[in-house]
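First to last, the protein sequences are chains B and S. According to the working numbering, the first sequence is numbered sequentially starting from 38. According to the working numbering, the second sequence is numbered sequentially starting from 38. Here a beta-carbon is modelled for each residue, glycine too, at the ideal position from N, C-alpha and C. First comes the structure, then the notes that go with it.
Protein chains: 2
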Amino acid sequence: MADRSSHRAAPVHTHPADVPLLTALAALADPVRLQLVRELAGAAEWSRGCGSFDVPVGKAALSHHFAVLRAAGLVEQRDQGPKRLNRLRREEFDACFPGLLDLVLREEH
Amino acid sequence: MADRSSHRAAPVHTHPADVPLLTALAALADPVRLQLVRELAGAAEWSRGCGSFDVPVGKAALSHHFAVLRAAGLVEQRDQGPKRLNRLRREEFDACFPGLLDLVLREEH
């Protein structure tokens with residue numbers, strides 16, 4: 038039985054260990070991506086589909102932002118039926134960039 | 038006696054306490070600025086003039102990079118005769134963005 042997700046290419050991931058510091062910083066230096074990361078940090082893993090975020094950008098831009106987050110080792114995605122589900126790669130990103138997510142997830146700024 | 042530095046406007050600074058997280062991240066997410074910050078971290082305060090950095094950009098671009106670093110609360114500058122001297126605002130930046138400079142100054146990435 039064909040999965041509806043089979044119509045699109047599986048998302049490409051980069052492990053945070055293979056991510057340059059500049060790439061990690063640039064991925065987080067964007068208000069939309071910061072919001073996505075913060076919302077994912079507050080949600081259970083694999084509980085949020087890409088369409089579930091209330092961000093002020095269109096579908097194509099959102100898809101680009103998720104690609105940047107994957108390339109920075111921040112987000113892992115998997116397709117489940119029509120949904121693309123997300124998890125924040127918190128533990129492995131922390132191991133490579135200690136303190137960076139903690140800083141970003143503080144509420145002060 | 039007129040100081041030669043009086044011919045140009047004094048540099049404008051922003052205290053790190055007034056810097057949004059996105060501004061701090063964006064300031065560091067650039068290879069030239071990362072090099073400037075790393076070299077300043079390894080030098081005594083006020084020991085490095087703006088012209089003393091071996092970075093692959095012209096004078097105007099370098100001036101822009103320093104303006105970005107000042108606006109992010111990362112660098113303080115003062116004019117001394119013909120030289121504009123720099124110091125990394127390490128302590129006050131650390132207090133506002135704990136761990137970020139430590140991460141950036143690690144050598145691994």
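Alpha carbon to alpha carbon, what distance is there between L59/B and D67/S? Just so you know, the alpha carbons of D67/S and L59/B end up roughly 7 Å apart.
Where L125/B falls: helix, strand or coil (DSSP): DSSP, reduced to helix, strand and coil, places L125/B within a strand of the structure shown.
Report back the beta-carbon spacing between H52/S and G110/S to the nearest angstrom; my notes put them in contact at under 8 Å. 6 Å
Using a Cβ-Cβ cut-off of 6 Å (strictly less than) and excluding sequence neighbours within five positions of A54/S, which residues of its own chain qualify? Residues C133 of the same chain have their beta carbon placed closer than 6 Å to that of A54/S, with the five preceding and five following residues left out of the count.
For G95/B, which three-state DSSP category applies? coil
So which of G118/S, R45/S, E82/S, A63/S has the shortest CA-CA distance to V112/S? When only C-alpha atoms are compared, the closest one is E82/S.
Should L99/S be flagged as near chain B, meaning a C-beta pair shorter than 8 Å? no
Neighbour-count burial assignment, V56/B, 16 or more Cβ in a 10 Å radius: buried
Have a look at M38/B and L62/B and give me their C-alpha separation to the nearest angstrom. Any answer about M38/B is weak, because its pLDDT of 45 lies below 50 and its placement is not dependable; what the coordinates show is given next. Rounded to whole angstroms, M38/B to L62/B spans 42 Å at the Cα level.
Within the same chain, show all residues whose beta-carbon is closer than 7 Å to that of V49/B, passing over the 5 residues directly before and after it, in chain order. Taken in chain order, the residues that qualify are R107.
Can you confirm whether A39/B, when its beta carbon is compared against all beta carbons of chain S, has any partner nearer than 8 Å? The predicted model places A39/B with a pLDDT of 45, which falls under 50 and marks its position as unreliable, so this point remains unresolved.
Which whole-angstrom value describes the C-beta separation of R85/S and L122/S, a residue pair presumed to lie in contact below a C-beta threshold of 8 Å? 7 Å
For R70/B, is the classification buried or exposed, using 16 other Cβ atoms within 10 angstroms of its Cβ as the cut-off for buried? buried
Nearest-angstrom Cβ-Cβ length linking F103/S and Q114/S, presumed shorter than 8 Å: 7 Å
Ends of the beta strand (DSSP E) at D139/S? Per DSSP, D139/S belongs to no beta strand (DSSP E); it is in the alpha helix (DSSP H), 137-142.
So Q72/S and V92/S are in contact, right, with Cβ under 8 Å, and what is the actual spacing, rounded? 6 Å
In terms of alpha-carbon separation, which member of P119/B, A97/B, G79/B, A98/B lies closest to R126/B? G79/B
Rounded to the nearest angstrom, what separates K120/S and A47/B at their Cα positions? 55 Å
For chain B, find out if any of its Cβ atoms is closer than 8 Å to the Cβ of E129/S; answer yes or no. no
Quick one: what does DSSP say D67/S is sitting in, helix, strand or coil? D67/S: coil per DSSP, three-state reduction.
What number of angstroms, rounded off, separates the C-alpha of V141/S from the C-alpha of E128/B? 19 Å
Taking 8 Å as the CB-CB cut-off, is P68/S touching chain B? yes
Inter-residue Cα distance where the pair is S100/B and C87/S: 40 Å
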